[in-house]
Amino acid sequence: MSTEKGTISINTENIFPIIKKFLYSDNEIFLRELVSNAVDATQKIKKLSAMGKYEGELGELKIRVAVDKENKTITISDKGIGMTAEEVKKYINQIAFSGAKDFLEKYKDENDSNQIIGQFGLGFYSAYMVAKEVEIHTKSYQDAPAVKWVCDGTTEYEISDIEKAERGTDIILHIADDSEEFLEEFKIEQILEKYGKFLPVEIEFKDKVINNPNPIWVKPPSDLKDEDYLAFYKELYPYSEDPLFWIHLNVDYPFNLTGVLYFPKIKQDFQLSREKIQLYSRQVFITDDVKDIVPEFLQLLHGVIDSPDIPLNVSRSYLQADGNVKKINNHITKKVADKLAELFKSDRKAFEEKWESIGLFVKYGIVSDEKFYDRAKDFVLLKNTDGEFKTIEEYKTKIEALQKDKDENLVVLYTSDVEKQDSFIQGAKKRDYDILVLDDVLDSHFINTLEQKLEKLTFKRVDADALDKLIDKGLNSESVLSDKEKEKVTELFKELAGDNVVQIEALSAEDAPVSIVMPEFMRRYMDMSKLQGQNAMFGAMPQSYNLVVNGNSPVVAKMLRLKGDDRRKSYAKQLHDLALLSQGMLSGSKLTAFVNRTFEEMAE
Ligand code: ADP
Ligand code: MG
Numbered sequence: 089m090s091t092e093k094g095t096i097s098i099n100t101e102n103i104f105p106i107i108k109k110f111l112y113s114d115n116e117i118f119l120r121e122l123v124s125n126a127v128d129a130t131q132k133i134k135k136l137s138a139m140g141k142y143e144g145e146l147g148e149l150k151i152r153v154a155v156d157k158e159n160k161t162i163t164i165s166d167k168g169i170g171m172t173a174e175e176v177k178k179y180i181n182q183i184a185f186s187g188a189k190d191f192l193e194k195y196k197d198e199n200d201s202n203q204i205i206g207q208f209g210l211g212f213y214s215a216y217m218v219a220k221e222v223e224i225h226t227k228s229y230q231d232a233p234a235v236k237w238v239c240d241g242t243t244e245y246e247i248s249d250i251e252k253a254e255r256g257t258d259i260i261l262h263i264a265d266d267s268e269e270f271l272e273e274f275k276i277e278q279i280l281e282k283y284g285k286f287l288p289v290e291i292e293f294k295d296k297v298i299n300n301p302n303p304i305w306v307k308p309p310s311d312l313k314d315e316d317y318l319a320f321y322k323e324l325y326p327y328s329e330d331p332l333f334w335i336h337l338n339v340d341y342p343f344n345l346t347g348v349l350y351f352p353k354i355k356q357d358f359q360l361s362r363e364k365i366q367l368y369s370r371q372v373f374i375t376d377d378v379k380d381i382v383p384e385f386l387q388l389l390h391g392v393i394d395s396p397d398i399p400l401n402v403s404r405s406y407l408q409a410d411g412n413v414k415k416i417n418n419h420i421t422k423k424v425a426d427k428l429a430e431l432f433k434s435d436r437k438a439f440e441e442k443w444e445s446i447g448l449f450v451k452y453g454i455v456s457d458e459k460f461y462d463r464a465k466d467f468v469l470l471k472n473t474d475g476e477f478k479t480i481e482e483y484k485t486k487i488e489a490l491q492k493d494k495d496e497n498l499v500v501l502y503t504s505d506v507e508k509q510d511s512f513i514q515g516a517k518k519r520d521y522d523i524l525v526l527d528d529v530l531d532s533h534f535i536n537t538l539e540q541k542l543e544k545l546t547f548k549r550v551d552a553d554a555l556d557k558l559i560d561k562g563l564n565s566e567s568v569l570s571d572k573e574k575e576k577v578t579e580l581f582k583e584l585a586g587d588n589v590v591q592i593e594a595l596s597a598e599d600a601p602v603s604i605v606m607p608e609f610m611r612r613y614m615d616m617s618k619l620q621g622q623n624a625m626f627g628a629m630p631q632s633y634n635l636v637v638n639g640n641s642p643v644v645a646k647m648l649r650l651k652g653d654d655r656r657k658s659y660a661k662q663l664h665d666l667a668l669l670s671q672g673m674l675s676g677s678k679l680t681a682f683v684n685r686t687f688e689e690m691a692e
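Quick note: the sequence shown uses this note's numbering, first residue 89, plus one each step.
Shown next as structure tokens:
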């Protein structure tokens, strides 16, 4: 064949400036695309050989990438199937250009180029994001002359016969002036590391193989031991603590998905480190932003997902609507729930020990995903102040037995701060309450969800209301105070409590004489706003509370017996301050005054 010239049939004079413009933000993917093509070509020759359709030697199949800074070229060489002249014309000229045409047609009215996350069947042509001219030197595995194709980014190409001894393809990029950064070896190494770490064919750069062609997710789970999973975790995240456990995903119907998801150890003050799951397509790294593919609550997991069925070359909005993506999402959720259910069943003790970390995922899932709730409600654990764990059912059974009035809603007492609410916890424990510890960032949402889902269940923080009004209805006798005494008590405290409500309750003699509680709804409202970062608004709002006076307390009785209004008033003030103090609400000059007054009284 002599040199042949042709024109690529396309309406646009020059497509490359357009490709460049659309793909600009991510121009390093040219290397991913060209290396992927080299991998595909290598896999094809292996397959043909395995099927007996190619009888020649396979030889060494490494793919080589080389940078020539002087001549300003990057070369990607493979020993794959190669192409005949006809194939070059068909696959490079026609097919790729029809892809380019589709691309243009689809996006000609689109001004938001950022929506396009990848290429558009334009793999090969992404070379023009960095190259002003591209050469293909290729020799097919079939008995045909080697050919050279050259195109400088206009619609003109040139194709001619050349001498090439070995089967395979070299892609030579003549790097454009504005892309010379890609002539730095470290840059190329970095890009190869990022996209090619687990490519299935060995990739050599600077005489070194840069990839692990057999990552564990492509192996059958039955061939793998715990050590393998742990070693792979270390390979992915060199400086991390060992994960708690993992899930090996392996689906081939109705979509293809493999991968390993790890549950990391999480500290109580968990940082939302997303971007720890890497998405691959046939072992080619695509992204670590899996927002649309993995349910939000599972983005805290680590690991790898590999699926050729996730469309990678279309806009985000399309991705969200994609049927496969939805199915994958559901599948992952289901798998995670299955794994947790299995762990819970097979070794509850270990499950409880890991609850601090697991609980966070589970609660996050429960508050954000209906389907997950349906499965997780059987293994979500509630921890009480004695460090015991119960499932929702177990806990309900226990408090049902304690509850006097079976028709009333079940009241669940919880603490959000074991230290600060200690006096209330002690008081409630004396009455045999089982108090839950719900003290992490998600718990206010978690409580809301449980209340919505579970009938007859009301959560109250342990300092939310006078205890005896909750479930021990009628347990205590009437207040020993007479109506006149009640009036007196109210008058004394009203002055101190200002706009806050003063309520007299018939608690037991051992309970605190005076305590401060906040209505549950109010406190929760404030917690929620805090979580949503609306501090500014509520910070300015004075905290309103109820001052509960225990009508059965001997201390209150003593106050009433004191002679003289002044003495009674100062006694009431001392009680009020103590109540504020135990809720951490006494500070500054008020605290100083309280301390000084107490010293003075002790000296008397
Ligand atoms: P895709 O890889 O999605 O098919 P590309 O634009 O990346 O699209 O490549 C177009 C076609 O060119 C490929 O399908 C393949 O037939 C051919 N091709 C590209 N690179 C090579 C290569 N290194 N060896 C053999 N064939 C190749
Ligand atoms: Mg390709």
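For each residue, glycine too, the CB sits at the ideal point set by N, CA and C.
query	result
State the start and end residues of the unbroken beta strand (DSSP E) segment that holds arginine 255.	First-last for arginine 255: undefined, no H or E at that position.
If you count every other CB in all the chains shown that lies within 10 Å of the CB of proline 331, and 16 or more means buried, which is it?	buried
For the ligand MG, is there any heavy atom lying closer than 6 Å to the beta carbon of asparagine 125?	yes
Can you list the beta strand (DSSP E) stretches of 3 or more residues lying completely in the region 135–167, in chain order?	151–156 and 161–166
Can we count threonine 257 as close to the ligand ADP, meaning its CB is less than 6 Å from some heavy atom?	yes
The ligand ADP and glycine 168: does the residue's C-beta get closer than 6 Å to at least one heavy atom of that ligand?	yes
Given the structure, does phenylalanine 212 come close to the ligand ADP, in the sense that its CB is under 6 Å from one of the ligand's heavy atoms?	yes
Can you tell which of Lys541, Val550, Glu543 and Leu545 has its C-alpha closest to the C-alpha of leucine 526?	Val550
At what residue ranges does the region 484–549 contain a whole run of the beta strand (DSSP E), taking only runs of 3 or more?	498–503 and 545–549
From the DSSP output, in three-state form, read off glutamate 593 for me.	strand
CB of serine 214 to nearest heavy atom of the ligand NAD: below 6 Å?	You won't find the ligand NAD in this model; what it holds is the ligand ADP and the ligand MG.
Short of 7 Å in beta carbon distance, which residues of its chain neighbour glutamate 580, apart from the five on each side in sequence? Order them along the chain.	It should be noted that the sequence gives leucine, not glutamate, for residue 580. Here the set comprises Arg656, Lys657 and Ala660.
Report the three-state DSSP secondary structure of glutamine 671 (helix, strand or coil).	coil
The beta strand (DSSP E) with alanine 219 in it runs from where to where?	219–227
Just to confirm, is the Cβ distance from serine 445 to glutamate 384 under 7 Å?	no
Heavy atom of the ligand ADP less than 6 Å from the Cβ of tyrosine 179, yes or no?	yes
When the distance is taken between beta carbons, is leucine 324 closer than 7 Å to serine 395?	no
Thinking valine 127 and leucine 287 are a contact (beta carbons under 8 Å), I'd like their distance in whole angstroms, please.	6 Å
Which residues in the same chain have their Cβ closer than 6 Å to the Cβ of leucine 431, if we skip the five residues on either side of it in sequence?	Phe439
Please list, in chain order, all residues of the same chain as lysine 484 whose beta carbon is under 7 Å from its beta carbon, the five residues on each side excluded.	Leu498
Using the C-alpha atoms, what's the distance from valine 644 back to glycine 652?	15 Å
So is the beta-carbon of alanine 58 under 6 Å away from any non-hydrogen atom of the ligand ADP?	As displayed, the chain neither begins before 89 nor continues past 692, which places residue 58 out of reach and without an answer.
Identify, in the order they occur along the chain, each residue of the same chain with its Cβ nearer than 6 Å to the Cβ of glutamate 273, setting aside the five sequence neighbours on each side.	Val155
Using DSSP with H/G/I as helix, E/B as strand and the rest coil, what is lysine 296?	strand
Roughly how many angstroms separate the alpha carbons of asparagine 99 and valine 235, rounded to a whole number?	A caution first: asparagine 99 carries a pLDDT of 48, below 50, which makes its placement in the model too unreliable to give a value.
Does the region 143–160 come into contact with the region 256–274, if we say contact requires no fewer than three beta-carbon pairs (one atom in each stretch) closer than 8 Å?	yes
What residues are listed by DSSP as bridge partners for leucine 261?	Ile162 and Val222
Taking DSSP as the reference, what is the three-state secondary structure of asparagine 338?	strand
I need the straight-line Cα distance from alanine 691 to tyrosine 521, nearest angstrom please.	40 Å
What residues in its chain sit with their C-beta under 6 Å from that of aspartate 258, if we drop five residues either side in the sequence?	Thr163, Ser165 and His225
Hey, out of Gln182, Ile263 and Lys508, whose CA is closest to glutamate 221's CA?	Ile263
If I measure Cβ to Cβ from valine 339 and keep anything under 8 Å in the same chain, skipping five residues before and after, which residues do I get?	Leu345, Thr346 and His419
With DSSP as the reference, label threonine 479 as helix, strand or coil.	strand
Using only CA atoms, which one of Ile393, Asp240 and Asn302 lies nearest to phenylalanine 373?	Ile393
Could you please give the first and the last residue of the uninterrupted alpha helix (DSSP H) stretch that includes lysine 574?	571–585
So what does DSSP say about alanine 600, is it helix, strand or coil?	coil
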